[in-house]
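So the structure is just underneath, and the comments pick up after that.
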Amino acid sequence: MGLPWYRVHTVVLNDPGRLLSVHIMHTALVAGWAGSMDLYELAVFDLSDPVLDPMWRQGMFVIPFMTHLGISNSWAGWNITGETITNPGLWSYEGVAGAHIVFSGLCFLAAIWHWVYWDLEFFCYERTGKPSLDLTKIFGIHLFLSGVACFGFGAFHVTGLYGPGIWVSDPYELTGKVQPVNPAWGVEGFDPFVPGGIASHHIAAWTLGILAGLFHLSVRPPQRLYKGLRMENIETVISSSIAAVFFAAFIVAGTMWHAKGGLFRAGSMGNGDRIAVGWLEHLVFRNKEGRELFVRRMPTSFETFSVVLVDGDRIVRADVPFRRAESKYSVEQVGVTVEFYGGELNGVSYSDPAPVKIYARRAQLGEIFELNRATLKSDSVFRSSVVSQRSRSSSLSVCYISCSALSFQSSGSHAPNNLAQQNYYQLKTYSEFPCVCVFV
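Numbering-wise (my numbering), the sequence shown opens with residue 2 and increments by one.
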């Protein structure tokens, strides 16, 4: 009788050679995809304007992560910051892509070899002479090696002891640069805006990984625990491994606020919200006490986020509430004003709550730009994923839009110029209506 589709891993339950072959083949596929995708993105990447048209606005996916890890040079002679490079070396976009492709080919050959020569004496249990898997020992080996990898990345690569460091944003998160980062061992290491937490957390993970790995290598589980958790079942290993990987992905997605400047999505992308052609202004918000307020940035994986304004100590001072009747920090109650510095709207200010709320919501995505919609025939739909940029014709995405009605009353002491009025009324086109938008 054949096995059901969800128990296919059972065929390698006591087949260590072919289980290893499956793992190596999976690694080959992932590494080959990464290298090939990197070369494709390099072929279509436009470096002409890294500030107004950064890689995230062009829908790049692999290159931003590579740059985040410290890769900034290309064999074509350019640097991500606009400099000319004469000797990029192996630590470059093309070099790393080529290394991934070569590694993928070697893994492919190794997977075939282990699939053919599956009954090696090395995999045989000494008491029975038959191939078997010591899953608890394998778990300990994985923990130990993962701990070593974490230590190498956190203590050497990120800190710059043996490596370039990582990408660190500028204060306005428009762009950034690759630089070494010192570990942050205090409470500030848990702040998602402090890159030093990356180094310290990887070093701490090394300690836990080494201790846990040595424990599982030297201590055998009790029989009741072994059978109760089904440690002898390969399906248990697969399911727990998937759970661990997705838990790590959840942590990364929730804290991936490090170094967004110029790399990861900090606003609407090209197809969704037009091409940036000019910087309008830098916004400065203040309450009626004169305290400067900062709009909390929208996390990378979000499409909507509460508008919250905090002071220099990260204390909430104002917000745009969902239910105004229960609000204590609304823009009207706190008396928030906004002033424009630099750019095309230099010197303009608003004290009326309606435009203040509008610009506070736009400030969630960073600096505000003038956008060109005609060139790409952009639909002005906000997207947080590059997937929707590349597969709109074959994917289904549902978005819920609920925008507040806007009423504009210009103050005599802060009369806006024509450009400010155009920018305001352009925002006013999103009038109050709940709708469900379906794109196929």
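C-beta atoms are modelled at their ideal positions from N, C-alpha and C, and glycine is treated no differently.
Residue of the options minimising C-alpha distance to residue i
i    : options                   : result
E368 : M299, I167, S331 and D353 : M299
H69  : V188, G99 and H158        : H158
D135 : P17, W280 and F306        : P17
I252 : H202, Q224, S240 and R287 : H202
A29  : R362, I102, V52 and F66   : I102
K289 : G90, Q334 and F66         : Q334
W515 : G177, K358 and F46        : Within the shown structure, residues of the chain are numbered from 2 to 441, placing residue 515 beyond reach of any answer.
I139 : T129, C151 and F124       : F124
R292 : S307, R315 and F303       : R315
F286 : E304, E327 and V308       : V308
L241 : Y163, T137 and S219       : Reading the sequence as shown, one finds Ser at residue 241 and not Leu. It is T137.
P322 : Y163, L144 and P354       : P354
L162 : L144, G141 and A200       : A200
D171 : A244, L264 and F46        : L264
W34  : A100, T305, W6 and A250   : A100
H143 : A245, P5, L121 and G164   : A245
Y118 : P132, E127, I235 and S105 : P132
Beta carbon of residue i nearer than 8 Å to that of residue j
i    : j    : result
N74  : I64  : no
F1   : G279 : For residue 1 there is no data in the structure shown, the boundaries of the chain being 2 and 441.
A319 : V332 : yes
A277 : D54  : yes
L20  : V13  : yes
V349 : L294 : no
T160 : V195 : no
Y342 : E282 : yes
A185 : G197 : yes
Y94  : M67  : yes
L215 : F145 : yes
W92  : S22  : no
Y330 : V317 : yes
G141 : H217 : yes
The alpha helix (DSSP H) enclosing residue i, as first and last residue numbers
i    : result
Q180 : Segment G177 to Q180 is the beta strand (DSSP E) holding Q180; no alpha helix (DSSP H) there.
V45  : P17 to V45
I359 : P354 to A364
L294 : L294 -> not in any alpha helix (DSSP H); beta strand (DSSP E) instead, spanning E293 to V296.
L264 : No alpha helix (DSSP H) holds L264; DSSP gives it neither H nor E.
Y342 : Segment T338 to Y342 is the beta strand (DSSP E) holding Y342; no alpha helix (DSSP H) there.
Q224 : Q224 to G229
G148 : L136 to G153
L212 : G197 to S219
P51  : Taken as a continuous stretch (DSSP letters only), P51 belongs to no alpha helix (DSSP H), as it is neither H nor E.
A98  : Y94 to V117
P65  : V63 to H69
Own chain partners of residue i with C-beta closer than 6 Å, once the 5 adjacent residues on each side are dropped
i    : result
A364 : L284 and V296
A98  : G36, D39 and L40
T237 : R231
S395 : Note that S395 scores a pLDDT of 30, beneath 50, so its modelled location is shaky; the value from the coordinates is reported in the next line. Contacts found: none.
M56  : I64 and P65
A154 : It is worth fixing the name first, because residue 154 is Phe in this sequence and not Ala. These residues qualify, in order along the chain: H203.
Exposure label - residue i; buried when at least 16 CB within 10 Å
i    : result
S392 : Note that S392 scores 35 on pLDDT, short of 50, meaning its location in the model is unreliable; the coordinates nonetheless yield the value given after this. Exposed, since its Cβ has fewer than 16 Cβ neighbours within 10 Å.
H27  : exposed
S389 : For S389, the pLDDT reaches just 37, beneath the cut-off of 50, and the residue's location in the model is therefore unreliable, leaving the point undetermined.
S408 : Model confidence at S408 stands at a pLDDT of 30, short of 50, so the residue's coordinates are unreliable; what they give is reported in the following sentence. It is exposed - the Cβ of S408 has fewer than 16 other Cβ atoms within 10 Å.
V357 : buried
Y360 : buried
P89  : buried
Q224 : exposed
S219 : exposed
L226 : exposed
A77  : exposed
G130 : exposed
G148 : buried
E42  : buried
A44  : exposed
Limits of the beta strand (DSSP E) - the one that residue i falls within
i    : result
W286 : Here residue 286 is Phe; the residue named in the question, Trp, does not match the sequence. Counting along the chain, the beta strand (DSSP E) containing F286 begins and ends at I276 to R287.
S170 : I167 to S170
D320 : V317 to D320
E371 : I369 to N373
V311 : V309 to V311
Same chain only: Cβ atoms within 8 Å of residue i, ignoring 5 sequence neighbours per side
i    : result
W79  : L48, T85 and I86
C108 : I25, M26, T28, A29 and A32
T82  : P51, S73, T176 and K178
S328 : D320, P322 and Q334
E233 : L136 and Y227
R362 : V308 and V321
Min CB distance residue i to chain C below 8 Å
i    : result
A213 : Here chain C cannot be found, since the structure has a single protein chain.
Same chain only: Cβ atoms within 7 Å of residue i, ignoring 5 sequence neighbours per side
i    : result
G413 : For G413, the pLDDT reaches just 36, beneath the cut-off of 50, and the residue's location in the model is therefore unreliable, although a value from the coordinates is still provided. Cβ neighbours of G413 beyond the five flanking positions: none.
G166 : G71, V159, V179, Q180, P181 and V182
C151 : H203, A206, W207 and G210
Residue i beta carbon near the ligand ATP (any heavy atom closer than 7 Å)
i   : result
L40 : For the structure depicted, the ligand ATP is absent and the ligand set is empty, with no information on it obtainable.
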